[in-house]
Amino acid sequence: MKSVVVNAGGAMTVEERPMPVLNAPDDVLVRIAYSGLCGSDIPRIFSQGAHFYPITLGHEFSGHVVSIGKDVDDIQEGDAVACVPLLPCFKCEECRKEAYSQCKHYQFIGSRRDGGHAEFVVVSRKNLFRLPESSSLIQGAFLEPITVGLHALKLAGGCEGKEVIVIGAGTIGQLIIQAAAASGPKSVTAIDINQQRLDLALRTGASHACNSAEMNAEEIRQHNHERRFDQLIIETAGTPQTVALSLDIAGPKAQVVLVGTLHKELTLNVATFSHILRKELTLLGSWMNYSAPWPGSEWQQATQLFAENKLNLEPLIASVGNPQEFVADVTALAGKPMTGKILLDMTGS
Numbered sequence: 002m003k004s005v006v007v008n009a010g011g012a013m014t015v016e017e018r019p020m021p022v023l024n025a026p027d028d029v030l031v032r033i034a035y036s037g038l039c040g041s042d043i044p045r046i047f048s049q050g051a052h053f054y055p056i057t058l059g060h061e062f063s064g065h066v067v068s069i070g071k072d073v074d075d076i077q078e079g080d081a082v083a084c085v086p087l088l089p090c091f092k093c094e095e096c097r098k099e100a101y102s103q104c105k106h107y108q109f110i111g112s113r114r115d116g117g118h119a120e121f122v123v124v125s126r127k128n129l130f131r132l133p134e135s136s137s138l139i140q141g142a143f144l145e146p147i148t149v150g151l152h153a154l155k156l157a158g159g160c161e162g163k164e165v166i167v168i169g170a171g172t173i174g175q176l177i178i179q180a181a182a183a184s185g186p187k188s189v190t191a192i193d194i195n196q197q198r199l200d201l202a203l204r205t206g207a208s209h210a211c212n213s214a215e216m217n218a219e220e221i222r223q224h225n226h227e228r229r230f231d232q233l234i235i236e237t238a239g240t241p242q243t244v245a246l247s248l249d250i251a252g253p254k255a256q257v258v259l260v261g262t263l264h265k266e267l268t269l270n271v272a273t274f275s276h277i278l279r280k281e282l283t284l285l286g287s288w289m290n291y292s293a294p295w296p297g298s299e300w301q302q303a304t305q306l307f308a309e310n311k312l313n314l315e316p317l318i319a320s321v322g323n324p325q326e327f328v329a330d331v332t333a334l335a336g337k338p339m340t341g342k343i344l345l346d347m348t349g350s
């Protein structure tokens, strides 16, 4: 089968690999339709960030069931499925308390083992979410990143009646903006340094936008003055500057949910730290996208948003290509920011 392989040093190649086979009674063989590049894959490709090389990445994929192990009785051949990449042990104390993302003995598709940037993959039944008939395979490839945002909203108790502010309007931020806009907020404000991203956010759900490359924290506070109460701030950019900004612009009693992953040291000055105390802010960390019953209500909610036509994916897609085109598009990212989701299209394989 064809597989997109990442080698040490960042070289990506399309190779013929052996066809995977079922090894466990709960294994499922999936023929991949679409598989997305995640921002977390960038350091795995370009910064030696993978657990091993060579590796086939891909944890945002959809496809069809080809065959099933003898213990699998709730999906069948031909079913459309999406990847649920985390595989907890389900036995440790964390798992028994349904804190699956805290499991210390987990596996992860496309990171700790080969993933979906290939024609076929074998995974545990627990790593698959069956798509309803109303969902497309493109939507299935977006299901995992959508649930990342929905998990953050769930931890905050939802966004109904709140002044939602999303800092960072990349793919995850855009999906949160759309999901929040469909969930009854008072308003949704997008903050980013890229005006094109802000313009897109305004077209797809945001009611207000601030360019933080042109406005300082005080100017953003003034812009949000009439919306300074009942705030839910979601930080997705994962930089020290945006974390500080989220605290600086927060209104009294605001909730601040940290989603973005930091890759640099964070230092808060006295004034910024004092905002946490003086404004009595609630800080929440959001890690991955799972709850009980496995894999969580976030996954059902995502498909419901699709069924209600509340999510617009088309403007979030940078490219859709076959393996060779996918490799070329990803390689061109070296040292550059992602401008949208890059999808591997295996439907023509």
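Just so you know, we're using this note's numbering here: the sequence shown kicks off at 2 and counts up by one.
Note that the Cβ used here is the ideal one computed from N, Cα and C, for glycine as well.
Model, not experiment: these values are computed from the prediction.
If you drop the 5 nearest sequence neighbours on each side, which residues of the same chain put their C-beta closer than 6 Å to that of T1? It is not possible to answer for residue 1, since the shown part of the chain is limited to 2 through 350.
**Asked** Just the Cα atoms here: how many angstroms apart are E220 and I76?
**Response** Against the sequence shown, residue 220 aligns to sequence position 219. Against the sequence shown, residue 76 aligns to sequence position 75. E220 and I76: Cα-Cα distance of roughly 53 Å.
Which residues in the same chain have their Cβ closer than 7 Å to the Cβ of A324, if we skip the five residues on either side of it in sequence?
Reading the sequence shown from its first residue, position 323 is the one you call residue 324. This sequence places Pro at residue 324; Ala is not what is there. Around P324: K3, V5, V15 and L345.
So, M347 versus I139, is the Cβ gap smaller than 8 Å?
Along the sequence shown, one-based indexing puts residue 347 at 346. Along the sequence shown, one-based indexing puts residue 139 at 138. It is not a contact, given that the beta carbons lie outside the stated cut-off.
Requested in this report: Please state if the CB of G150 and the CB of I110 are separated by a distance shorter than 8 Å.
Outcome: Walking along the sequence shown from the start, residue 110 turns up at place 109. Walking along the sequence shown from the start, residue 150 turns up at place 149. Taking 8 Å as the cut-off, the beta carbon of I110 is found no closer than this to the beta carbon of G150.
| field | Start-to-end residues for the beta strand (DSSP E) that takes in R32 | value | Here residue 32 corresponds to residue number 31 of the sequence shown, with the count starting at 1. Element bounds for R32: D28 to G37.
Practice problem: Using DSSP bridges, identify the partner residues of R114. | Solution: The residue given as residue 114 occupies position 113 in the sequence shown. The partner list for R114 (beta bridge, DSSP) reads I110.
query = V31 to P55, Cα distance in whole Å?
reply = Sequence index remark: in the sequence shown, residue 31 carries index 30 (1-based). Sequence index remark: in the sequence shown, residue 55 carries index 54 (1-based). Rounded to the nearest angstrom, the two C-alpha atoms are 21 Å apart.
Q) What does a CB cutoff of less than 6 Å around D42 pick up in its chain, not counting 5 residues either side in sequence? A) Counting from 1 along the sequence shown, the entry for residue 42 is found at position 41. Within the same chain, L58 come within 6 Å of D42 by CB-CB distance, once the 5 residues on both sides are set aside.
- Message: By the three-class DSSP mapping on this structure, what secondary structure does R45 have?
- Response: Taking the first residue of the sequence shown as position 1, residue 45 is located at position 44. Correct three-state label for R45: helix.
Q.
Just to confirm, is the Cβ distance from V85 to L129 under 8 Å?
A. Sequence index remark: in the sequence shown, residue 85 carries index 84 (1-based). Sequence index remark: in the sequence shown, residue 129 carries index 128 (1-based). V85 is a Cβ neighbour of L129, given a cutoff of 8 Å.
Contact check, M13 vs T332, beta carbons under 8 Å: Numbered from 1 along the sequence shown, position 12 holds the residue referred to as residue 13. Numbered from 1 along the sequence shown, position 331 holds the residue referred to as residue 332. Yes, they are a contact pair.
For this session: Check I235 in the structure and name its three-state DSSP category.
Result: As a working note, residue 235 is residue 234 in the sequence shown. Strand at I235.
Exercise for review: With DSSP as the reference, label L203 as helix, strand or coil.
Suggested key: Along the sequence shown, read from residue 1 onward, the residue named residue 203 stands at position 202. The answer is helix: DSSP assigns L203 an H, G or I state.
Query raised in the report: Does the pairing of the segment 87 to 98 with the segment 265 to 280 give three or more beta-carbon distances under 8 Å?
Result: No, because fewer than three Cβ pairs between the segment 87 to 98 and the segment 265 to 280 fall closer than 8 Å, the two stretches do not touch.
Any chance you could list the beta strand (DSSP E) runs of at least 3 consecutive residues sitting entirely within the segment 98 to 181, in chain order?
Annotation: the segment 98 to 181 contains the following complete segments of the beta strand (DSSP E) (minimum length 3 residues), in chain order: 121 to 125, 129 to 131 and 164 to 168.
(message) Quick check on DSSP: helix, strand or coil for I376?
(response) In the structure as shown, the chain begins at 2 and stops at 350. Residue 376 is therefore absent and cannot be evaluated.
field: Residue nearest to R229 in terms of C-alpha spacing, selected from S247, G239 and P241
entry: Locating residue 229 in the sequence shown gives position 228, counting from the first residue. Comparing C-alpha distances from R229 to each of S247, G239 and P241 shows the shortest one belongs to S247.
message = Whole angstroms are fine: how far does the CA of F53 sit from the CA of R113?
response = Residue 113 sits at position 112 when you count from the first residue of the sequence shown. Residue 53 sits at position 52 when you count from the first residue of the sequence shown. Each residue's Cα considered, the two are about 8 Å apart.
*asked:* Let's see if you can read the secondary structure: which residues bound the beta strand (DSSP E) around T332?
replied: Counting from 1 along the sequence shown, the entry for residue 332 is found at position 331. That residue, T332, is in no beta strand (DSSP E); its alpha helix (DSSP H) goes P324 to T332.
Assuming E219 is part of the beta strand (DSSP E), what are its boundary residues?
Here residue 219 is taken as the residue at index 218 of the sequence shown, counted from 1. Counted as a single uninterrupted DSSP element, the stretch harbouring E219 is not any beta strand (DSSP E) but the alpha helix (DSSP H) occupying residues A218 to H224.
*asked:* Per the DSSP calculation, N212 is bridged to which residue(s)?
replied: Taking the sequence shown and counting its residues from 1, one reaches residue 212 at position 211. By DSSP's assignment, N212 forms a beta bridge with D193.
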